[in-house]
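Read the structure below first, then the notes.
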Amino acid sequence: MTLVSISGNLLFIAFICYLIATFFFGGAVRGSKTETSKFEKKWGRIGIVITVAGFISNLAYFITRWIAAGHAPVSNLFEFTTAFGMMLVGSFILIYFIYKTPLIGLFALPMAIIIIAYASMFPREITPLIPALKSYWLTIHVITAALGESILAISAVAGLIYLLKNVDLTKKSKQRFWLEIVMYTLVLTVGFVASTTTYKVMDYEATFSYVDKEQKAKEITYNAPAIFGMNEYKVLSSDKMIPLVETPAIVNAKKLTTVTWSLIFGTIIYGLLRLILRKSLSAFLQPFTRKANLQLMDEIGYRAVSIGFPVFTLGALIFAMIWAQEAWSRFWGWDPKEVWALITWLFYAAFLHLRLSRGWHGEKSAWLAVIGFIIIMFNLIAVNLIIAGLHSYA
Amino acid sequence: MNNIICACGHENPEGTVLCGNCGRPLTEEAENSKLVDMRYEGSARRSQTYNKTIIDKIWNFFSSVKVGITIILMIIVAAAIGTILPQVLYVPATTEADIAAYYERVYGTFGKIYNDLGLSDLFGSWWFQTLIGMLGISLVIASLDRVIPLYKSLKKQRIKRHESFMKRQRIFATGEDILGEDSFNISERKLKELRYKVKREDGALLAEKGRFSRWGPYVNHIGLIIFLFGVMLRALPGFYVDETMWIREGETRAIPEAPGYYLESKEFILETYENNQSNEVFSEAIDRVGTIVSNYQTNVVLFKNQENALPGQIDNLQQVKESSIQVNKPLKFDGYSVFQMDFRLNELKTMHFNLSNKSTGETLGALAIDLVNPEPLYDLGNGSSVELKGYYPDFSGFENGEPQTKSPVPNNPAFLVKMYTPNTPEGETSFVAIKQTVEPLGVNAYKLEFQNVETRDVSGLTIRKDESLWVLAIGGLIFMIGVAQGSYWNHRRIWLHKTNDGRLIVAAHTNKNWFGVKKELDIVTEVAHLPQYIDQHDLESEEFKKDGEKSS
Ligand code: HEM
Numbered sequence: 007m008t009l010v011s012i013s014g015n016l017l018f019i020a021f022i023c024y025l026i027a028t029f030f031f032g033g034a035v036r037g038s039k040t041e042t043s044k045f046e047k048k049w050g051r052i053g054i055v056i057t058v059a060g061f062i063s064n065l066a067y068f069i070t071r072w073i074a075a076g077h078a079p080v081s082n083l084f085e086f087t088t089a090f091g092m093m094l095v096g097s098f099i100l101i102y103f104i105y106k107t108p109l110i111g112l113f114a115l116p117m118a119i120i121i122i123a124y125a126s127m128f129p130r131e132i133t134p135l136i137p138a139l140k141s142y143w144l145t146i147h148v149i150t151a152a153l154g155e156s157i158l159a160i161s162a163v164a165g166l167i168y169l170l171k172n173v174d175l176t177k178k179s180k181q182r183f184w185l186e187i188v189m190y191t192l193v194l195t196v197g198f199v200a201s202t203t204t205y206k207v208m209d210y211e212a213t214f215s216y217v218d219k220e221q222k223a224k225e226i227t228y229n230a231p232a233i234f235g236m237n238e239y240k241v242l243s244s245d246k247m248i249p250l251v252e253t254p255a256i257v258n259a260k261k262l263t264t265v266t267w268s269l270i271f272g273t274i275i276y277g278l279l280r281l282i283l284r285k286s287l288s289a290f291l292q293p294f295t296r297k298a299n300l301q302l303m304d305e306i307g308y309r310a311v312s313i314g315f316p317v318f319t320l321g322a323l324i325f326a327m328i329w330a331q332e333a334w335s336r337f338w339g340w341d342p343k344e345v346w347a348l349i350t351w352l353f354y355a356a357f358l359h360l361r362l363s364r365g366w367h368g369e370k371s372a373w374l375a376v377i378g379f380i381i382i383m384f385n386l387i388a389v390n391l392i393i394a395g396l397h398s399y400a
Numbered sequence: 134m135n136n137i138i139c140a141c142g143h144e145n146p147e148g149t150v151l152c153g154n155c156g157r158p159l160t161e162e163a164e165n166s167k168l169v170d171m172r173y174e175g176s177a178r179r180s181q182t183y184n185k186t187i188i189d190k191i192w193n194f195f196s197s198v199k200v201g202i203t204i205i206l207m208i209i210v211a212a213a214i215g216t217i218l219p220q221v222l223y224v225p226a227t228t229e230a231d232i233a234a235y236y237e238r239v240y241g242t243f244g245k246i247y248n249d250l251g252l253s254d255l256f257g258s259w260w261f262q263t264l265i266g267m268l269g270i271s272l273v274i275a276s277l278d279r280v281i282p283l284y285k286s287l288k289k290q291r292i293k294r295h296e297s298f299m300k301r302q303r304i305f306a307t308g309e310d311i312l313g314e315d316s317f318n319i320s321e322r323k324l325k326e327l328r329y330k331v332k333r334e335d336g337a338l339l340a341e342k343g344r345f346s347r348w349g350p351y352v353n354h355i356g357l358i359i360f361l362f363g364v365m366l367r368a369l370p371g372f373y374v375d376e377t378m379w380i381r382e383g384e385t386r387a388i389p390e391a392p393g394y395y396l397e398s399k400e401f402i403l404e405t406y407e408n409n410q411s412n413e414v415f416s417e418a419i420d421r422v423g424t425i426v427s428n429y430q431t432n433v434v435l436f437k438n439q440e441n442a443l444p445g446q447i448d449n450l451q452q453v454k455e456s457s458i459q460v461n462k463p464l465k466f467d468g469y470s471v472f473q474m475d476f477r478l479n480e481l482k483t484m485h486f487n488l489s490n491k492s493t494g495e496t497l498g499a500l501a502i503d504l505v506n507p508e509p510l511y512d513l514g515n516g517s518s519v520e521l522k523g524y525y526p527d528f529s530g531f532e533n534g535e536p537q538t539k540s541p542v543p544n545n546p547a548f549l550v551k552m553y554t555p556n557t558p559e560g561e562t563s564f565v566a567i568k569q570t571v572e573p574l575g576v577n578a579y580k581l582e583f584q585n586v587e588t589r590d591v592s593g594l595t596i597r598k599d600e601s602l603w604v605l606a607i608g609g610l611i612f613m614i615g616v617a618q619g620s621y622w623n624h625r626r627i628w629l630h631k632t633n634d635g636r637l638i639v640a641a642h643t644n645k646n647w648f649g650v651k652k653e654l655d656i657v658t659e660v661a662h663l664p665q666y667i668d669q670h671d672l673e674s675e676e677f678k679k680d681g682e683k684s685s
């Protein structure tokens, strides 16, 4: 077995551990009101032991891959996103040891599972570094930024729990609506994983020629049935689905197709879940949060932001500027990825000020934490996929 | 000024909410609220006190956090809009007309509107810069408005506070004094173990730690201001150099904006990952993507002019160092950095011709034309020579019979030559371009026969000097110190009083992380048998406690 495949197996073990640990955390918070907290403690303890075991395996994946590649495994979308998932678990472990809350694990681990699954949909081979990426500042920058983001993400987990418990789901309200939208969005990520996996298993491939926005003739291979065709496309593979709509040259129809399939699969999965559960996802999850202490969730949310904010600043702004200065000769260039890091940072600064000076505690603060996480994920997914800039090598 | 005199006899400046001495609420609002608002210790702030002159009004405007947050949100929205389409900087066009055409061609009507509104250069626009400026002003004023009164009131804190102050703290306890005098001694010992600074006076105890963390936000704001100041410095002449230069292999050129310095390019190197044994782990990626570049590099020699040399005099250069410039590894000297930014491969360097007789094919001699510095006359010996009458490095066709050149770069060189041989002493005129010969003045007996061409690579380098970097670095460092100081430490205080009727009252406050202070108070409560506190904010968990069930 090569080091690379050992590394892959370690990641798989970690993934399985996180799945199992989720069930134990679920068990820990499920106990009825009359049961003693001993039950909770026991299940919670098993849960955290399995989580830590998984995390160690995850770290081992990271280290072995680093050794195999000769550079830190944060250089393409798969590696970076996986590292983010790993650090999310690490941040959860940190918070668990401060606050001893299995409930956070019940929500943080599935989040990490989805993120790692999402990551593994991208090409997983080890890529050699292009010259611009050969910099230890880049390694430091990416690892610190991901760590900061993962700690900030814990505040969204606490916020989500807060909202699930606090929002009255029996009455129609804006809050109820948006909470369900958040749930639906999470399911869409699962939809992406499901659609990509389906077509990967089918080995689907269809090649088209097209004309790009600089009027050059190019070729492109889709890995899913083309819903949208590229500008002036011509089908090169036989027996494949013919695109329903042709798009103008500035649209990357392949990515648009991927997004659309994720939407379709995600919506179907969401629909099935609704049919099986016979209630909204928020209503399904609400009972798990029944024993949540809102005050504590609020506190954890704030604490995670105040721990994560300095780390994020250091990683996503300061180290990023040092690297940009060395690689691109300017520490700041208003590149979309840079701008979105700045937006994320300003958003959390606004969060802290609203909380400290305008007294935005509790539910408002919880919503802000969830929005912050959405911005982080936007930066991670959408800016990489949609808005292309210097950073979009992957 | 209308000072407020508290029941304890202390005189407080106008605008004070909590008496600086005993902590009694001084306003009706504070009196009626269940918990005191401990921000800035209830001290008087300028912005809350004066509102008469225009200066007061400006001050009050910018000191408001609401305004600060609004500015931040406006910057967020603007910045997000600025990422919808690429900014002009990243667009392959330079003139205004080209840029406008580019946006319209590639992005259609939306692109046109985007560019017309100036959103394509949003980050350089006056209004965006104004927003940043307002953020800076707001930072300064809001900080000054708060830090001074906060400093004063934390400095002159009394140990003994009024019961009405204690009762309105979020964490509060009252009850029987079980250990008598010992409850103070034991508490003090335990608190000191927990690294509190403990002060005592008759029947009162104040334990405090982490006060310096209160200065965190102000320190980080100072860091931000220094950073913004550094950014502004770059507008000053001489602080900031940003130049590009193209240098060909073998050339020596003056480095722009770096007087006295010259750079010679020895070689440009482009390397890719080979799909071989040593790169086995990468083979899958190389197979999928194709070529992946591993290195862009220019090997250079840096020279400096002699002290007393005239500007432009380059015959007596002194070598400073030999070096290689790679992406991520700039050449650094004397505050300048030279970066590997771009390249052109295989630019034509020298063209080789033979002068030959068209009918016999006999060759009279060879000549090599340097395409950057062509000579006016090439003497081939034995009475033959070629005179260069015109040189068109980037030939683009004829206009009114005149050959034209698009640029000074030798992409498509063409020559107007006069050829002299012993048989044609008057000379014959010929126009020679790649794959094309024109004989404008009648048929010639001789021709220039193209032999081969030498090429070389050109490196695109960027020269930077940024005297403001250290200001930015200091700003960043101070920001990090401040933000860590305010985030990783908290200001915790615990008050312990004995009332006149012999009860104990306990109160605690922290600026953040209540969980932490409660855990410490739990320890002290247990060893000193203090009355059990309640968290007046978290009545839910109090209920849970009563149910005998621990919350998750
Ligand atoms: C990008 C801009 C800014 C950043 C990164 C920033 C950062 C911070 C941070 C990290 C804190 C501490 C928060 C906490 O501990 O929870 C803070 C506090 C504060 N900031 Fe800012 N700030 C910024 C802009 C502003 C502006 C424009 C104002 C003006 C209105 C302002 C006023 C304050 C105030 C009044 C505090 C509270 C200080 C205290 O409670 O002692 N900040 N800031």
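As they're listed, the protein sequences go chains A and B.
Everything in the first sequence is counted per the working numbering, starting at 7 for the first residue and increasing by one.
Everything in the second sequence is counted per the working numbering, starting at 134 for the first residue and increasing by one.
Don't be surprised by glycine CBs; every beta carbon is placed ideally from N, CA and C.
Boundaries cannot be given for Asn237(A), as no alpha helix (DSSP H) includes it and DSSP labels it neither H nor E. Taking a C-beta cut-off of 8 Å against chain A, the contacting residues of the region 399-421 of chain B are Tyr406, Asn412, Val414, Phe415, Glu417, Ala418, Ile419, Arg421, listed in chain order. Within chain B, the residues Val239 have their CB atoms less than 7 Å from the CB of Lys219(A), given in chain order. In this structure, the CA atom of Gly14(A) is about 10 Å from the CA atom of Thr8(A). Ile167(A) and Ala114(A) have their C-alpha atoms spaced approximately 10 Å apart. Identification of chain A residues near Ile202(B) by a Cβ-Cβ cut-off of 7 Å yields Ala356, His359, Leu360, ordered along the chain.
With a cutoff of 8 Å on beta-carbon distance, Pro129(A) and Arg421(B) are scored as near each other. Across the structure, Pro134(A) and Lys48(A) are spaced so that their CA atoms are roughly 46 Å apart. Using a Cβ-Cβ cut-off of 9 Å, Asn585(B) is close to nothing in chain A; its nearest Cβ partner there is about 31 Å away. For the region 154-188 of chain B, the set of residues with a beta-carbon nearer than 8 Å to any beta-carbon of chain A comprises Arg172, in chain order. The closest heavy atom of the ligand HEM lies less than 7 Å from the beta carbon of Ala355(A). Shortest gap from the CB of His367(A) to any heavy atom of the ligand HEM: 7 Å or more.
Around the C-beta of Asp315(B), fewer than 16 other C-beta atoms lie within 10 Å, and the residue is accordingly described as exposed. Residues of chain B with a Cβ closer than 7 Å to the Cβ of Ala75(A) are, in chain order, Val414. The C-beta of Ala162(A) comes no closer than 8 Å to any C-beta of chain B. For chain B, the residues of the region 128-140 of chain A that bring a beta carbon within less than 8 Å of one of its beta carbons are Pro129, Glu131, Ile132, Thr133, Pro134, Leu135, Ile136, Pro137, Ala138, Lys140, in chain order. Identification of chain A residues near Tyr429(B) by a Cβ-Cβ cut-off of 8 Å yields Pro137, ordered along the chain.
A distance below 6 Å between beta-carbons, with the five flanking residues on each side excluded, links Glu587(B) to the following residues of its chain, in chain order: Lys482, Thr483. By the neighbour-count criterion, in which a residue is buried when 16 or more other Cβ atoms sit within 10 angstroms of its Cβ, Ile355(B) is buried.
By the neighbour-count criterion, in which a residue is buried when 16 or more other Cβ atoms sit within 10 angstroms of its Cβ, Asp448(B) is exposed.
For Ser470(B), the C-beta contacts it makes with chain A under 8 Å involve Ser335, in order along the chain.
Looking at the DSSP output, Met484(B) shares a beta bridge with Ile502(B), Val586(B). Not one heavy atom of the ligand HEM lies closer than 7 Å to the C-beta of Gly343(B).
Between Phe234(A) and chain B, the shortest Cβ-Cβ separation is not below 8 Å. In the structure shown, Ile667(B) falls within a strand segment according to DSSP collapsed to helix, strand and coil. Within chain A, Pro137, Ala138, Leu139, Lys140, Ser141, Trp143, Leu144, Trp329, Glu332, Ala333 have C-beta atoms less than 9 Å from the C-beta of Asn461(B), given in sequence order. Phe648(B) belongs to the set of residues whose beta carbon lies under 8 Å from a beta carbon in chain A.
Boundaries of the beta strand (DSSP E) around His642(B): 636-643. Put simply, the region 457-466 of chain B does not touch the region 158-178 of chain A. Fewer than three CB pairs are less than 8 Å apart. Assignment of Met127(A) by DSSP, reduced to helix, strand and coil, places it in the coil class.
Collapsing the DSSP output to three states places Thr57(A) in a helix. At least 8 Å separates the CB of Leu277(B) from every CB of chain A. For Thr191(A), the closest of Thr88(A), Ser156(A), Ile120(A) by C-alpha to C-alpha distance is Ile120(A). Shortest gap from the CB of Leu374(A) to any heavy atom of the ligand HEM: 7 Å or more.
As for any beta strand (DSSP E) of minimum length 3 sitting wholly inside the region 196-274 of chain A, the runs are 212-217, 223-228, ordered along the chain. With respect to Val169(B), Arg301(B) sits close: the two C-beta atoms are nearer than 8 Å.
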